[in-house]
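Enquirer: The structure under discussion is supplied below as structure tokens; questions concerning it will follow.
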Amino acid sequence: MEAPKVRVFRVEGMDCADCARKVEDALNRVPGVVKAEVSFQSGKAYLQLEVPQAEEEAARALSALGYRLRPEGEEKGGLPGPWRWALVSGGLLLAAFLASLFLPGLAPWGYRLAALIGVFPLARRAVATFRQNPFSIQTLVTLATLGAMLIGAEAEAALVVFLFLVGEVLEAYSVAQARRSLYALSELLPRRAYRLKEGGVEEVPLKALRVGDLVRVPPGERVPADGVVVSGQASVEEAAFTGEPLPRPKGIGDRVYGGSLVQEGSLVVKVERHPEEGFLAEMERLAEEALLKKSQAERVVDAFSRRYTPAVLLLAGFVALVLPLFQGDFLGHLYKALALLLIACPCALVVSVPAAIAAGVARGARAGVLFKSGAALERLASVRHLALDKTGTLTLGRPRLVRVVPLGIGEEEALALAKAVAEGSSHPLARAVREAAPEVRAPLAEGHRTEPGLGAFAWVEGREVGLVRPEAVPLPKEVAEVVRELAQEGHSLSLLVEGTRALAVFAFQDTPKEEAQAALRALRALGLRLHLLTGDREEAALALGKALGLKPEEIRAGLSPLDKLRAVEALAQEGGVAMVGDGVNDAPALARATVGLAVVEGTEAALRAADVGLLGLDALPRAFRLSRMTMAVVRQNIALAVGLKGVFLLSTLLGLTGLWPAVLADSGALVLVTANSLRLLRSRV
36 MEAPKVRVFR VEGMDCADCA RKVEDALNRV PGVVKAEVSF QSGKAYLQLE
86 VPQAEEEAAR ALSALGYRLR PEGEEKGGLP GPWRWALVSG GLLLAAFLAS
136 LFLPGLAPWG YRLAALIGVF PLARRAVATF RQNPFSIQTL VTLATLGAML
186 IGAEAEAALV VFLFLVGEVL EAYSVAQARR SLYALSELLP RRAYRLKEGG
236 VEEVPLKALR VGDLVRVPPG ERVPADGVVV SGQASVEEAA FTGEPLPRPK
286 GIGDRVYGGS LVQEGSLVVK VERHPEEGFL AEMERLAEEA LLKKSQAERV
336 VDAFSRRYTP AVLLLAGFVA LVLPLFQGDF LGHLYKALAL LLIACPCALV
386 VSVPAAIAAG VARGARAGVL FKSGAALERL ASVRHLALDK TGTLTLGRPR
436 LVRVVPLGIG EEEALALAKA VAEGSSHPLA RAVREAAPEV RAPLAEGHRT
486 EPGLGAFAWV EGREVGLVRP EAVPLPKEVA EVVRELAQEG HSLSLLVEGT
536 RALAVFAFQD TPKEEAQAAL RALRALGLRL HLLTGDREEA ALALGKALGL
586 KPEEIRAGLS PLDKLRAVEA LAQEGGVAMV GDGVNDAPAL ARATVGLAVV
636 EGTEAALRAA DVGLLGLDAL PRAFRLSRMT MAVVRQNIAL AVGLKGVFLL
686 STLLGLTGLW PAVLADSGAL VLVTANSLRL LRSRV
């Protein structure tokens with residue numbers, strides 16, 4: 036037997052969370068389908084197929100329920116929703132209204148015809164899904180329509196059906212817009228690329244690119260794939276997925292993402308990832324995975340909605356069958372019960388949370404914030420503490436040589452000797468030495484060797500010279516004083532030695548990221564309490580903290596990975612904590628935090644352990660603002676859905692409203708919560 040294969044499909048006709056549940060249940064009962072997961076927000080079904088034939092069985096099962104299963108990539112054009120039925124029903128309703136003015140005897144038949152034709156697709160769907168959900172909105176509207184016709188309210192029956200169909204069209208359009216916004220990132224990639232070859236440039240389709248290809252990106256064009264700049268200088272705009280409107284300068288050695296726009300200048304880029312597997316594709320994949328994982332608010336609303344509908348239906352039965360025994364007026368109470376049937380549908384309430392979560396995840400993807408689940412987005416809104424790693428998170432993680440203190444030799448000679456030794460070492464400080472003062476050339480060296488915990492050594496001009504840790508060798512008093520002063524200033528140090536003789540002290544500093552200070556300022560403005568947790572020396576941590584505006588009591592230095600984990604555990608008990616890191620040593624703390632956030636440029640271990648990926652440090656405040664905005668929209672949506680239902684439930688019982696206001700309230704509430712959620716896609720974060 037073949038191993039289960041995961042296939043992705045688009046489900047047509049799925050316009051509410053209740054539909055997604057029905058589709059998922061139906062697919063999980065299909066022989067040959069090992070597991071099915073369905074996301075209403077993305078409109079997709081993820082099927083683990085044991086045998087290829089199961090795909091056809093799954094399509095037939097959904098077709099019987101009124102849905103259509105299409106392989107991903109097969110897009111259907113035209114307007115979404117039952118717009119043709121709405122158009123026919125509306126035309127007949129208008130004709131019946133005109134007949135009531137000029138041929139009154141024909142008007143009732145016109146209204147009946149409009150109601151019957153309009154309710155036909157709803158009744159068909161209700162019959163197909165009755166076993167899975169006897170209380171579906173299609174069933175309730177069908178019963179209300181037929182009941183209204185039975186008591187002689189043909190005009191209202193026709194109006195109810197028409198309003199409901201129009202509401203379904205508007206709902207389907209809103210959902211389609213939300214899904215289109217969610218996947219709009221892939222449209223940023225160009226359709227062609229200019230690949231360099233011997234003798235010139237060839238224009239090729241995007242799919243023809245391979246890892247290692249060199250492509251030219253002229254001004255005004257988008258980068259076709261993730262890669263590294265090998266020549267050229269340019270201003271590149273990455274606003275579509277970083278949220279930063281200002282272009283950034285890019286030059287040799289800089290990384291660029293597929294879909295970013297070259298505004299000025301020209302670049303030659305070496306392709307590192309195929310366009311279909313690049314950063315944009317990864318963002319879409321993470322967004323899809325996030326939409327499959329329900330937040331706590333979604334689970335609570337789902338549980339409430341499953342109790343709400345039976346409760347209102349019981350109330351409708353009481354109004355229709357019991358109250359007439361005491362108050363009479365059977366037809367009047369039956370009319371109220373039919374209106375209650377429409378109010379019993381919880382569609383707007385069920386959609387209120389996932390619609391907002393989907394919009395929040397999609398907006399985050401366009402702002403450099405990759406939420407891995409709706410639960411992470413929800414939890415981030417409630418945390419009050421923020422723990423930050425130092426190296427690679429607040430700093431560039433790339434130290435540079437800032438000072439040379441020669442001891443008995445010239446500064447240029449000291450730097451030349453150090454460069455000769457550094458040629459044989461991959462240590463970050465050795466790299467900083469090699470990159471310093473390009474005009475100083477290193478003499479020929481041989482016999483390079485490295486001693487862990489001590490330093491690097493090489494034979495230069497007949498003598499062995501080393502770059503070592505100052506703590507590893509005994510130092511004369513005057514040299515020790517120099518080392519102590521530089522260490523107190525927060526520098527990382529390396530000592531150039533010949534045997535036991537110190538020749539020079541080299542001071543290094545890891546530069547804070549340009550956006551670090553502004554990001555921390557924005558985070559403070561959001562009311563977060565900041566904590567710097569680092570394994571670096573206390574002097575270096577305090578120096579960085581001073582540069583970034585952190586208070587000494589907010590800094591904890593010299594921490595092991597276990598110490599970081601314990602610190603995060605303690606903060607988690609004090610109102611929740613978000614942890615930001617980028618290294619392997621941060622992975623345990625990221626996994627333990629209320630919400631773990633990892634910088635995308637960091638290690639794969641950190642990204643796997645985190646709940647949220649950040650394209651850059653400047654995306655961190657946006658993540659918090661977006662999570663809070665999304666949860667505010669969730670609360671607004673629930674208030675709208677429950678409030679409108681409550682108002683019309685009460686007004687129907689009091690006899691103030693009837694059938695058509697009830698369906699208008701249901702469809703209106705659904706359109707309102709969807710439109711309110713879509714606001715997030717255009718919000719400034």
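When you number the sequence shown by the numbering used here, it's gap-free, plus one each residue, and the end is 720. Every residue gets a Cβ at the ideal spot worked out from N, C-alpha and C, and that includes glycine. Quick caveat, the model's predicted, so the values are computed rather than measured.
#1: Tell me A242's beta-bridge partners as DSSP assigns them.
#2: DSSP has A190 in a bridge; who is on the other side?
#3: Measure the C-alpha to C-alpha separation of F132 and L157 and round it to an integer number of angstroms.
#4: Measuring only the C-alpha atoms, how far is E486 from S461?
#5: Strictly by DSSP, which residues pair up with A457?
#6: By how many angstroms is the C-alpha of G294 removed from the C-alpha of L315?
#7: Quick one: is P656 buried, meaning 16 or more other Cβ sit within 10 Å of its Cβ, or exposed?
#8: State the beta-bridge partners of A614 as determined by DSSP.
#9: If we call anything under 7 Å between Cβ atoms a contact, is A150 one with V196?
#10: Is the beta carbon of V291 sitting closer than 7 Å to the one on P282?
#11: Just tell me which of R245, R166 and L200 has its CA closest to the CA of T180.
#12: Nearest to R419 by CA position, among A575, R564, P254 and R166, is which residue?
#13: Rounded to a whole number of angstroms, what is the C-alpha to C-alpha distance between V252 and K70?
#14: Using the Cα positions of L369 and L141, report the straight-line distance between them to the nearest angstrom.
#15: Can you check whether the CB of A372 is closer than 7 Å to the CB of A346?
#16: Would the beta-carbon of R627 fall within 7 Å of that of L600?
#17: Using a Cβ-Cβ cut-off of 8 Å (strictly less than) and excluding sequence neighbours within five positions of E499, which residues of its own chain qualify?
#18: Counting C-beta neighbours from all protein chains within 10 Å, is the total for L128 16 or more, i.e. buried, or is it exposed?
#19: Beta carbon of G67, beta carbon of Y102: below 7 Å?
#20: Can you tell me which of the three DSSP states G482 falls into?
#21: Relative to the C-alpha of G593, which candidate in D424, L360, L684 and A654 has its C-alpha closest?
#22: Less than 7 Å between the C-beta atoms of L661 and G432, yes or no?
#23: Under the three-state reduction of DSSP, which class applies to K599: helix, strand or coil?
#24: Select from L530, V517, E496 and E520 the residue whose C-alpha is nearest the C-alpha of V508.
#25: Give me the residue from E72, L62 and T629 with the minimum Cα distance to A94.
#26: Nearest by alpha-carbon distance to A55: which of D653, L384, E299 and F75 is it?
#27: In this structure, how does DSSP classify K305 when only helix, strand and coil are distinguished?
#28: Which of the three DSSP states is assigned to L655 in this structure?
#29: Evaluate the contact criterion for the stretch 564-576 versus the stretch 598-618: three or more CB pairs, one atom per stretch, below 8 Å.
#30: Going by beta carbon distance, what residues of the same chain come within less than 6 Å of L296, once the five residues before and after it are set aside?
#31: Whole angstroms is fine: what's the gap from R559's alpha carbon to G584's?
#32: When burial is assigned at 16 or more other CB atoms within 10 Å of the CB, is E470 buried or exposed?
#33: Do V204 and W118 count as a contact pair if the criterion is CB distance below 7 Å?
#34: Taking 8 Å as the cut-off, does the stretch 673-691 touch the stretch 435-451 (at least 3 CB pairs, one atom from each stretch)?
#35: Where does Q362 fall in DSSP's three states?
#36: For I590, which beta-bridge partners are listed by DSSP?
Expert: From the atom records:
#1: Taking the first residue of the sequence shown as 1, we reach residue 242 at position 207. A small fix is needed here, since residue 242 is Lys in this sequence, not Ala. For K242, DSSP records no beta bridge to any residue.
#2: Within the sequence shown, the letter at position 155 stands for residue 190. Answer by DSSP bridge pairing: none, since A190 is not bridged.
#3: Translated into the one-based positions of the sequence shown, residue 132 becomes position 97. Translated into the one-based positions of the sequence shown, residue 157 becomes position 122. Approximately 23 Å, taken between the alpha carbons.
#4: The residue you call residue 486 lines up with position 451 of the sequence shown. The residue you call residue 461 lines up with position 426 of the sequence shown. So the two alpha carbons sit approximately 13 Å from each other.
#5: Here residue 457 refers to the residue found at position 422 when the sequence shown is read from its first residue. According to DSSP, A457 bridges with nothing at all.
#6: As a position in the sequence shown, residue 315 is number 280, starting the count at 1. As a position in the sequence shown, residue 294 is number 259, starting the count at 1. Near 8 Å, if we compare the C-alpha coordinates of G294 and L315.
#7: By one-based count along the sequence shown, residue 656 stands at place 621. The residue in question, P656, is buried, as its Cβ has 16 or more Cβ neighbours within 10 Å.
#8: Sequence index remark: in the sequence shown, residue 614 carries index 579 (1-based). One detail in the question is off: residue 614 reads as Met in this sequence, not Ala. A422 and G631, per the DSSP bridge assignment.
#9: As a first step, residue 150 must be located in the sequence shown, where it is residue number 115. As a first step, residue 196 must be located in the sequence shown, where it is residue number 161. Their beta carbons are under 7 Å apart, which means A150 touches V196 by this criterion.
#10: Walking along the sequence shown from the start, residue 291 turns up at place 256. Walking along the sequence shown from the start, residue 282 turns up at place 247. Cβ distance not < 7 Å, so V291 and P282 don't count as in contact.
#11: Here the question's residue 180 lines up with position 145 in the sequence shown. Residue L200 is the option with its Cα nearest to T180.
#12: Counting from one through the sequence shown, the residue named residue 419 turns up at place 384. With distances taken between Cα atoms, R419 lies closest to R564.
#13: Taking the first residue of the sequence shown as 1, we reach residue 252 at position 217. Taking the first residue of the sequence shown as 1, we reach residue 70 at position 35. A straight line joining the alpha-carbon of V252 with that of K70 spans about 44 Å.
#14: Position 334 of the sequence shown, counted from the start, is the residue given in the question as residue 369. Position 106 of the sequence shown, counted from the start, is the residue given in the question as residue 141. So the alpha carbons of these two residues sit roughly 26 Å apart.
#15: As a working mapping, residue 346 is identified with position 311 in the sequence shown. As a working mapping, residue 372 is identified with position 337 in the sequence shown. Pairing A346 with A372 gives a Cβ-Cβ distance that is not under 7 Å.
#16: On the sequence shown, position 592 is the one that residue 627 refers to. On the sequence shown, position 565 is the one that residue 600 refers to. In contact: R627 and L600 (Cβ atoms closer than 7 Å).
#17: The sequence position of residue 499 within the sequence shown is 464, counting from 1. G482, F492, A493, E533 and G534, listed in sequence order.
#18: Taking the first residue of the sequence shown as position 1, residue 128 is located at position 93. Buried, because 16 or more other Cβ atoms sit within 10 Å of the Cβ of L128.
#19: Residue numbering aside, residue 67 sits at position 32 when the sequence shown is read from its first letter. Residue numbering aside, residue 102 sits at position 67 when the sequence shown is read from its first letter. Not in contact: G67 and Y102 (Cβ atoms no closer than 7 Å).
#20: Taking the sequence shown and counting its residues from 1, the one referred to as residue 482 is at position 447. DSSP places G482 within a strand segment (E or B) once states are collapsed to three.
#21: Within the sequence shown, residue 593 is the residue found at index 558, counting from 1. G593 has its Cα closest to that of D424, out of D424, L360, L684 and A654.
#22: Here residue 661 refers to the residue found at position 626 when the sequence shown is read from its first residue. Here residue 432 refers to the residue found at position 397 when the sequence shown is read from its first residue. Going by C-beta atoms, L661 is not nearer than 7 Å to G432.
#23: To locate residue 599, count along the sequence shown from 1; it is residue 564. Secondary structure of K599 (DSSP, three-state): helix.
#24: Taking the sequence shown and counting its residues from 1, the one referred to as residue 508 is at position 473. Measuring from the Cα of V508, the nearest candidate turns out to be L530.
#25: For the purposes of this step, residue 94 is identified with residue 59 of the sequence shown, where counting begins at 1. Sorting E72, L62 and T629 by C-alpha distance to the C-alpha of A94 places L62 at the top.
#26: If you number the sequence shown from 1, residue 55 lands on position 20. Minimum Cα distance to A55 is reached at F75.
#27: Locating residue 305 in the sequence shown gives position 270, counting from the first residue. If DSSP states are grouped into helix, strand and coil, K305 belongs with the strands.
#28: Taking the sequence shown and counting its residues from 1, the one referred to as residue 655 is at position 620. Note: L655 maps to helix in three-state DSSP.
#29: At 8 Å Cβ cutoff, the stretches touch.
#30: For this step, residue 296 is matched to residue 261 along the sequence shown. These residues qualify, in order along the chain: R257 and E272.
#31: Locating residue 559 in the sequence shown gives position 524, counting from the first residue. Locating residue 584 in the sequence shown gives position 549, counting from the first residue. Distance between the alpha carbons of R559 and G584 is about 11 Å.
#32: Working through the sequence shown from its first residue, we reach residue 470 at position 435. It counts as exposed.
#33: Within the sequence shown, residue 118 is the residue found at index 83, counting from 1. Within the sequence shown, residue 204 is the residue found at index 169, counting from 1. Yes, the pair counts as a contact, with Cβ atoms nearer than the cut-off.
#34: At 8 Å Cβ cutoff, the stretches do not touch.
#35: Along the sequence shown, one-based indexing puts residue 362 at 327. Assignment of Q362 by DSSP, reduced to helix, strand and coil, places it in the helix class.
#36: Within the sequence shown, the letter at position 555 stands for residue 590. Beta-bridge pairing links I590 to L567.
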